[in-house]
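Below is one structure; the comments refer to it alone.
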Amino acid sequence: MGQVITALQQKGGAGKSTLLCCLGGFLAYDDARVVIVDTDPQRSCVQWAEEAEIPGLDVLEHRAERTLLEVISRLKKAYDVVLVDTAGYDSAIACYAIQASDLILIPSRGSKRDVVGAATTWKHVQTQVKGRKMPPQIRIAMWNVKPATLVYRHGREALEKAGLPLLQGTVNALTGFENMSWNGGLPDGEALRAFGEFIAALQLEGLLDYYAGAQEVA
Ligand SMILES: Nc1ncnc2c1ncn2[C@@H]1O[C@H](COP(=O)(O)OP(=O)(O)O)[C@@H](O)[C@H]1O
Ligand SMILES: [Mg+2]
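When you read off a place in the sequence shown, starting at 1, and then add 8, the result is the number in our numbering.
So, in structure tokens, the structure goes:
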């Protein structure tokens, strides 16, 4: 059964789609069978995939909330990893995505709006999964950050102080990630290395079912 991983964050532009495209591309290059279910009308993942094909990676557009659970349970049988991109953290479709998830990743930059958005999203997930036998793992990932800045330090401290589950692995603001929207595929150079470290951080915490790292990506 494939692992279902959803990116969620109240604050728009935090990096959900970029994170999922990288994750999908990286794991597919590592021979995983991956599908991204794009539930966002902005279609960022769909548009990214139109630019360059990655063998082993499919991207589906799906915006009908009532059938999402059914579609995901079908995809779990055919793929190793099912990634779900969302718009809005508390829409009906996002709530269905939460229900189906094994892992929820909440990207956050250092700004107060990102941090408040991450905390709000985390609380919302808690209310949605209350009583579930196997609740999803949740991690907040500092993403698109500039490590030597005060805003990053403030953001990190606020997330730690609030006791939120922070992933031990951050991804910096790098142009390679921005180029992805034009080029499709994985980012190159420094951004690819940064994402490799991000995957390693996920693996170190035992958060990925599919074992990546068996092959060179670059
Ligand atoms: N690590 C990063 N470094 C630099 N730019 C990034 C990074 N991650 C995302 N971006 C850029 O930030 C913008 C928002 O990212 P996106 O993934 O679309 O966010 P969301 O899906 O949460 O709305 C995009 O223009 C994207 O290229
Ligand atoms: Mg998006």
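We put the beta carbon where it would ideally sit given N, CA and C, even for glycine.
Keep in mind the model is a prediction, meaning the values are calculated, not measured.
query, result
"By DSSP, does M188 sit in helix, in strand, or in coil?", "helix"
"Let me know if W190 comes out buried or exposed under the rule of 16 or more other beta-carbons within 10 Å of its beta-carbon.", "exposed"
"Please name the residue, chosen from P173, D98, L83 and V67, that lies closest to M9 on a Cα-to-Cα basis.", "L83"
"Given E165, which residues of its chain have a CB within under 7 Å of its CB, disregarding the five upstream and five downstream residues?", "none"
"Specify, as a first and last residue, the run of the alpha helix (DSSP H) that L257 falls within.", "A query on residue 257 cannot be resolved here, the shown segment of the chain reaching from 9 to 226 and no further."
"On the three-state DSSP scale, how would you describe L234?", "Because the chain here runs from 9 to 226, residue 234 falls outside it and cannot be looked at."
"Please confirm whether I148 and L174 have their CB atoms less than 8 Å apart.", "yes"
"Could you compute how far the alpha carbon of L210 sits from the alpha carbon of A72?", "30 Å"
"Which runs of the alpha helix (DSSP H), 4 residues or longer, sit entirely within the stretch 145-182?", "158-169"
"Tell me, to the nearest whole angstrom, how far the beta carbon of N180 is from that of A208; I am working on the premise that it is less than 8 Å.", "In fact, because the Cβ distance is near 15 Å, the residues do not count as touching under 8 Å."
"Should A226 go down as buried or exposed, given a rule of 16 or more other Cβ atoms within 10 Å for buried?", "In this prediction, A226 has a pLDDT of 46, which is less than 50 and means its spatial position is unreliable; nothing more can be read from the coordinates."
"Report the CB separation of A15 from K24 in whole angstroms; it is logged as a contact under 8 Å.", "4 Å"
"Whose CA, out of L172, K169 and P155, lies closest to the CA of L182?", "P155"
"Excluding the 5 residues preceding and the 5 following S52 in the sequence, name in chain order all residues of the same chain whose CB lies nearer than 6 Å to its CB.", "S25"
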